[in-house]
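Notes for the one structure printed next.
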Amino acid sequence: MNRNIKTNESNPDLSRAPTMRNLQHAVFSRREALVIASAACLTNSFALPAHGDAADSGNGSVGCTLGFSTYGMPSIKSERAIDLLDEIGFDSVEISVRAGADADAATLTGDRRRKIRMRLASSGIKLTSLMEHVRPSSDKRQKYALERLRLAAELANNLSPDSPPLIQTVLGGGRFSEARERLRDYLGQWSQLAQESNVIIAIKPHRGGVVSKPAEAIWLFKQLGKPKHLRMVYDFSHYAFRGMTLEKTAEESLPYVAHVAVKDAVQNDDRVSFLLPGEAGTIDFAKLIARLHAGGYRGDINCEVSSMVSRRDNYDALAAARLCYRNLSKAFERSGVRRPR
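Under the UniProt record's numbering, the residue at position 306 of the sequence shown is numbered 306, and the numbers go up by one with no gaps.
Below, the structure is given as structure tokens:
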């Protein structure tokens with residue numbers, strides 16, 4: 001395995017990275033196979049749809065998962081992060097596969113992929129999402145984005161072939177009015193890649209980004225004929241303090257939402273900062289969960305730690321995960337929405 005693969009945009013040649021085609025045939029020992037099979041049976045006993053889906057909106061017995069993103073655990077190995085989240089009580093995990101992350105899809109070896117898959121199977125933690133970060137602002141960057149997304153899709157199928165996690169990403173900066181036609185064409189290529197790879201790619205409207213509002217993402221979806229494999233991430237923290245309400249953004253987003261990220265937001269003068277979910281009390285997460293569920297959402301409610309928080313000198317990833325769990329598990333209880341564990 002070549003450990004010197006470059007992933008920066010100045011050298012986007014990732015052709016030597018591990019691929020699903022040669023990794024999916026990795027040999028598992030008899031014991032490993034039994035662990036995966038038995039864990040799959042346990043997981044299926046309380047299985048939820050992998051992504052948001054309004055098709056079962058009338059079934060009140062189906063709930064949502066409570067998860068945590070390893071984006072908030074930058075110094076912890078993914079295998080260890082899964083163990084810690086399982087011990088805390090989370091139902092699910094999002095694994096960061098961004099360039100430079102522990103589980104970078106371009107450099108993660110076959111042995112590490114096998115270990116992560118085994119750890120997921122033995123823990124019962126559901127892998128709901130992979131976090132990427134690409135910025136298709138030019139043809140060159142679009143080429144890089146497509147390669148990163150292809151690698152993420154291969155990893156998604158390798159880690160969970162029966163139910164591949166979605167891939168979420170933001171879209172970088174710029175003015176939507178100037179970039180929307182280019183983005184539409186680029187996302188059309190993403191949709192084709194996602195369909196061929198049997199994954200969902202979910203774009204996240206991001207405060208200050210080229211796509212920053214649900215309405216902008218929805219315009220792109222409609223232009224492309226509402227593709228099944230291209231969806232939206234709903235994160236109200238990016239709409240707070242912008243004259244957009246939870247009720248309105250949830251209502252317009254729900255038909256397109258495949259993943260929900262949660263964190264808190266506070267405003268000081270003209271600056272908005274992100275905090276751990278429930279830390280500031282500015283967003284009613286019980287109301288958010290209940291409203292999305294009532295509208296048919298049956299996917300993950302995933303705690304995301306902003307880099308504003310994780311880059312602090314005194315940041316403690318384990319303490320942050322525990323606080324997120326405490327706050328969001330209480331929000332689930334108040335919402336009346338069922339969790340699988």
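Quick reminder that beta carbons are idealized off the backbone N, C-alpha and C, glycines included.
Because the structure is a prediction, the values reported are computed rather than measured.
Extent of the continuous beta strand (DSSP E) to which residue i belongs
i, result
"I200", "That residue, I200, is in no beta strand (DSSP E); it is neither H nor E in DSSP."
"I116", "Note, I116: premise wrong, no beta strand (DSSP E); alpha helix (DSSP H) at G110 to S123."
"R126", "Residue identity differs from the one stated: residue 126 is Lys in this sequence, not Arg. That run of the beta strand (DSSP E) goes K126 to M131."
"V93", "S92 to S96"
"V233", "L230 to Y234"
Residue i classed as buried or exposed, judged by whether at least 16 other C-beta atoms fall within 10 angstroms
i, result
"T245", "exposed"
"M308", "exposed"
"S212", "buried"
"T109", "exposed"
"E251", "exposed"
"N198", "exposed"
"S78", "buried"
"S335", "buried"
"R161", "The question names Arg, yet the displayed sequence has Pro at residue 161. Exposed."
"K204", "buried"
"S92", "buried"
"E247", "exposed"
"residue 348", "As displayed, the chain neither begins before 1 nor continues past 341, which places residue 348 out of reach and without an answer."
"R311", "exposed"
"D269", "exposed"
"G173", "exposed"
"Q168", "buried"
"E304", "buried"
"S96", "buried"
"N314", "exposed"
"E333", "exposed"
"K126", "buried"
"K140", "exposed"
"Q142", "buried"
Run of the alpha helix (DSSP H) containing residue i, from where it starts to where it stops
i, result
"K222", "P214 to Q223"
Collapsed DSSP secondary structure at residue i in the structure displayed
i, result
"T70", "helix"
"L85", "helix"
"R150", "helix"
"S137", "coil"
"L159", "helix"
"S75", "coil"
"L171", "coil"
"H25", "At H25, the pLDDT of 40 sits below 50, so the modelled position is not reliable and the matter cannot be decided from this model."
"V337", "coil"
"V211", "coil"
"N4", "In this predicted model, N4 has a pLDDT of only 37, less than 50, meaning its place in the structure is not dependable; the value taken from the coordinates is given anyway. Correct three-state label for N4: coil."
Whole-Å CB distance - residue i paired with residue j, under 8 Å assumed
i, j, result
"residue 342", "L149", "Nothing about residue 342 can be reported from this structure: the residues present for the chain run from 1 to 341 only."
"T128", "D300", "4 Å"
"L193", "P136", "With 8 Å as the limit, L193 and P136 do not qualify as a contact, their Cβ atoms being about 12 Å apart."
"I283", "A317", "Actually they are not in contact, since the Cβ atoms of I283 and A317 sit about 22 Å apart, beyond 8 Å."
"I88", "R322", "6 Å"
"L254", "L292", "7 Å"
"F68", "N302", "7 Å"
"S306", "F274", "4 Å"
*Completely contained alpha helix (DSSP H) runs for the segment 238 to 324, where each covers 4 or more residues*: Those alpha helix (DSSP H) runs which fall completely within the segment 238 to 324 and span 4+ residues are 246 to 253, 285 to 294 and 307 to 310.
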